[in-house]
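**Q** Supplied in structure tokens, the structure appears directly below.
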Amino acid sequence: MPSRSGPYYHHYDAHPARQPQPRVQAAAMHRHAVMARDYILGHAGRQLRLGPIAFWIAVGALVIMGVWTIATATYFAFREDVLTRLIGRQAEMQFAYEDRVADLRAQIDRITSRQLLDQEQFEQKLEQLMRRQAVLESRSSTLSAAADPMLTGSIKLAPRSGGADLPAARLPKPSPISDTKTFSVPPERKAWIAPSSASGAGTAKPAGVHATLARLQTSLDHVERQQYATLGALEESYSSRAHRMRSVLADFGLNPGKAPSVFSRSGTGGPFVPAKPRGEAGAFEHQLYRINLARAHVDELSRTLVTVPLRKPVTGEIDLSSGFGMRIDPFLHTPAMHTGLDFRGDMGDPIRATAAGKVTHAGWNGGYGKMVEIDHGNGFSTRYGHLSEIGVSAGQLVRTGQIIGRIGSSGRSTGPHLHYETRVEGEATNPQKFLRAGDLLGGIL
């Protein structure tokens, strides 16, 4: 018979009605609950024992959570409006997100398009500036070819075909003879240098690019203004020179181009090709055409003036010992006509031709002593008397400023000096008129 002294055994009465059934059942339930708890919480031989209060709290929490879940599901199942609002809100949020993504994409497209447009505009502006710079450089070369030597002092005469320069006898030299002048060269165009970005290449902002283009545009504008100013100065210079030359020639009764000397017209010709500006020519080309036309007139006048004795026959300051006209003869001490000017000088000083021409006499000529006579054409001739030495011969062509002899005291002379005469159509004329005309022209010659 089993023992009744164990922990799970209780005392029973022999009478079945008196046995404590509820206590037996509660003890059995408690025993099974503890065994289930020990089984669940046991791990690797370890067991965690919970009190009945904690166990029932956990069971109650699970029950409450289950009831809450069932109640919530039932609520949403029977309240379609709530579910619809939730679904609508979710759809609205999705649409808003998609709209935001679309806006961002459109913004990216706009930025990309703007960048491409800015880049295209930049390339177009840069190409325009480069074309303009090329045009300005071409204009600079044209200005260098058409520049006035009196303004720049650095322009050379264009060579003839064959490479030989025009002889000095065919174009006038600076006045007075053998005197040199120094002319300042106008400031040349400064080359622009694109400024680099402070943060290095490739990191320049659009504002910096536009600023660089603006500076380049300003630089080219400055160059263009300088070119137009140079054109204006050239045109004014040629017009002034032509006016002064015409007035001098008019004083001597000469018509430019109508009666030039054979000497100044020798070796010229060619087919006739009319000069006129092109139909698409702009303001610069038209003004350049006017300058070239004025320059051609100046050249024509120069070819005429080169045969007019306007220079001094001696270098340095003029020291006149006797003027033109009535005077007391130094030998007879009676009134006499002096047909020229006497230039005092030292024995052996050089004497130069006052204009280009052809020597018609080189030798002794009575009271002139040793004399050289030059025919300049257009009825002009000059005589150089009392020479100590003659450096040319009859029939020789001489250029302006060429040494033709040296000062002496030959012939009817009281001392070393040069007797200089200018004649028009064989009649002696006061040389002062020609010398004053030469002073009027000044640096033009």
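If you count by our numbering, then the sequence shown holds residues -19 to 425, one letter each, in order.
Cβ atoms here follow ideal geometry from the backbone N, Cα and C, with glycine treated the same way.
Computed from a prediction, not measured in an experiment: that's the story for all the values here.
Tell me whether the beta-carbon of Ile384 lies closer than 8 Å to the beta-carbon of Gly395.
**A** Reading the sequence shown from its first residue, position 404 is the one you call residue 384. Reading the sequence shown from its first residue, position 415 is the one you call residue 395. It is not a contact, given that the beta carbons lie outside the stated cut-off.
**Q** For Val278, collect the residues of the same chain with a Cβ closer than 6 Å to its Cβ; drop the 5 residues on either side in sequence, then sort them by chain order.
**A** In the sequence shown, counting from the first residue as 1, residue 278 sits at position 298. Closer than 6 Å at Cβ, skipping near neighbours: Tyr218, Arg221 and Ala222.
**Q** List the endpoints of the continuous beta strand (DSSP E) containing His341.
**A** Here the question's residue 341 lines up with position 361 in the sequence shown. Counting along the chain, the beta strand (DSSP E) containing His341 begins and ends at Gly337 to Trp344.
**Q** Per the DSSP calculation, Arg307 is bridged to which residue(s)?
**A** Position 327 of the sequence shown holds residue 307. Answer is Ala316.
**Q** How should Ala191 be labelled, buried or exposed, when 16 other C-beta atoms within 10 angstroms of its C-beta is the threshold for buried?
**A** Here residue 191 is taken as the residue at index 211 of the sequence shown, counted from 1. Ala191 comes out exposed.
**Q** Note the first and the last residue of the continuous beta strand (DSSP E) segment covering Arg403.
**A** For the purposes of this step, residue 403 is identified with residue 423 of the sequence shown, where counting begins at 1. Per DSSP, Arg403 belongs to the beta strand (DSSP E) from His397 to Val404.
**Q** Check each candidate in Ala263, Pro251, Tyr269 and Phe264 and name the one with the smallest Cα separation from Pro427.
**A** An answer regarding residue 427 cannot be provided, because it is not within the stretch -19 to 425 covered by the chain.
**Q** Rounded to whole angstroms, what's the CA-CA distance from Gln197 to Glu117? Just pull it up for me.
**A** As a first step, residue 197 is located in the sequence shown; it is residue number 217 there, counting from the start. As a first step, residue 117 is located in the sequence shown; it is residue number 137 there, counting from the start. Whole-angstrom Cα-Cα distance: 15 Å.
**Q** Starting from the Cα of Thr122, find the closest Cα among Asp89, Ile271, Asp98 and Tyr55 and give me that residue.
**A** Residue mapping note: residue 122 aligns to position 142 of the sequence shown, counting from 1. Nearest option by C-alpha distance: Ile271.
**Q** Thinking just about the alpha-carbon of each residue, which of Thr248, Leu377, Tyr400 and Gln376 is nearest to the one in Arg386?
**A** Along the sequence shown, one-based indexing puts residue 386 at 406. That would be Tyr400, whose Cα lies nearest to the Cα of Arg386.
**Q** If Gly391 and Ser368 are in contact, beta carbons under 8 Å, what's the gap, nearest whole angstrom?
**A** Position 411 of the sequence shown holds residue 391. Position 388 of the sequence shown holds residue 368. That pair is no contact at about 11 Å.
**Q** Would you kindly report the start and end of the unbroken alpha helix (DSSP H) that includes Leu285?
**A** Numbered from its first residue, the sequence shown carries residue 285 at position 305. Note, Leu285: alpha helix (DSSP H), Ala263 to Leu285.
**Q** Nearest CA to the CA of Ser361: which residue from Glu265, Val404 and Met351?
**A** Looking up residue 361 in the sequence shown gives position 381. It is Val404 whose Cα lies nearest to the Cα of Ser361.
**Q** On the DSSP bridge list, what partners appear for Asp355?
**A** Within the sequence shown, residue 355 is the residue found at index 375, counting from 1. Lys338 and Ser361.
**Q** Check whether the Cβ atoms of Tyr364 and Leu398 lie closer than 8 Å to each other.
**A** Locating residue 364 in the sequence shown gives position 384, where the first residue counts as 1. Locating residue 398 in the sequence shown gives position 418, where the first residue counts as 1. Cβ atoms of Tyr364 and Leu398: closer than 8 Å.
**Q** Select from Gln99, His366, Leu106 and Phe232 the residue whose C-alpha is nearest the C-alpha of Asp329.
**A** Residue numbering aside, residue 329 sits at position 349 when the sequence shown is read from its first letter. If we check each option's Cα against that of Asp329, His366 comes out closest.
**Q** If you follow the beta strand (DSSP E) that Leu290 is part of, which residue opens it and which one closes it?
**A** Position 310 of the sequence shown holds residue 290. From DSSP, Leu290 is part of no beta strand (DSSP E); its letter is neither H nor E.
**Q** Select from Pro32, Trp36, Lys413 and Val43 the residue whose C-alpha is nearest the C-alpha of Ala230.
**A** Position 250 of the sequence shown, counted from the first residue, corresponds to residue 230. For Ala230, the nearest C-alpha among the options comes from Lys413.
**Q** What is the residue span of the beta strand (DSSP E) that Asp322 lies within?
**A** Here residue 322 corresponds to residue number 342 of the sequence shown, with the count starting at 1. Leu321 to Arg324 is the extent of the beta strand (DSSP E) around Asp322.
**Q** Let's test the definition: count the other Cβ atoms within 10 Å of the Cβ of Met225 and tell me whether it reaches 16, buried, or not, exposed.
**A** Numbered from its first residue, the sequence shown carries residue 225 at position 245. By the 10 Å Cβ count, Met225 comes out buried.
**Q** Is the beta carbon of His318 less than 8 Å from the beta carbon of Phe304?
**A** If you number the sequence shown from 1, residue 318 lands on position 338. If you number the sequence shown from 1, residue 304 lands on position 324. A contact, by the Cβ cut-off of 8 Å.
**Q** Is the CB-CB distance between Thr402 and Pro289 below 8 Å?
**A** Here the question's residue 402 lines up with position 422 in the sequence shown. Here the question's residue 289 lines up with position 309 in the sequence shown. Yes. Within cutoff.
**Q** Can you tell me the Cα-Cα spacing of Asp83 and Gln95, whole angstroms?
**A** Position 103 of the sequence shown, counted from the start, is the residue given in the question as residue 83. Position 115 of the sequence shown, counted from the start, is the residue given in the question as residue 95. Distance between the alpha carbons of Asp83 and Gln95 is about 18 Å.
**Q** So, with DSSP's three-state summary, where would you put Leu421?
**A** As a working note, residue 421 is residue 441 in the sequence shown. The answer is helix: DSSP assigns Leu421 an H, G or I state.
**Q** Would a C-beta distance cut-off of 8 Å place Arg291 and Thr380 closer than the cut-off?
**A** One-based indexing of the sequence shown puts residue 291 at position 311. One-based indexing of the sequence shown puts residue 380 at position 400. Against a cut-off of 8 Å, the Cβ pair of Thr380 and Arg291 comes out as a contact.
**Q** Looking at Gly337: is its Cβ nearer than 8 Å to the Cβ of Gly359?
**A** Against the sequence shown, residue 337 aligns to sequence position 357. Against the sequence shown, residue 359 aligns to sequence position 379. Result no, Cβ atoms of Gly337 and Gly359 do not sit closer than 8 Å.
**Q** Hey, quick one: how far does the beta strand (DSSP E) through Thr295 stretch, first residue to last?
**A** Walking along the sequence shown from the start, residue 295 turns up at place 315. Unbroken run through Thr295: none, as it is neither H nor E.
**Q** Apply the 10 Å Cβ neighbour rule to Ile33 and answer buried if 16 or more other Cβ atoms are within range, or exposed otherwise.
**A** To locate residue 33, count along the sequence shown from 1; it is residue 53. Exposed is the call here.
**Q** Quick check on this structure: which residue in Leu214, Gly68 and Met110 has the alpha carbon closest to the alpha carbon of Ser124?
**A** The count along the sequence shown starts at 1 and reaches residue 124 at position 144. Comparing Cα-Cα distances from Ser124 to each of Leu214, Gly68 and Met110, the minimum goes to Leu214.
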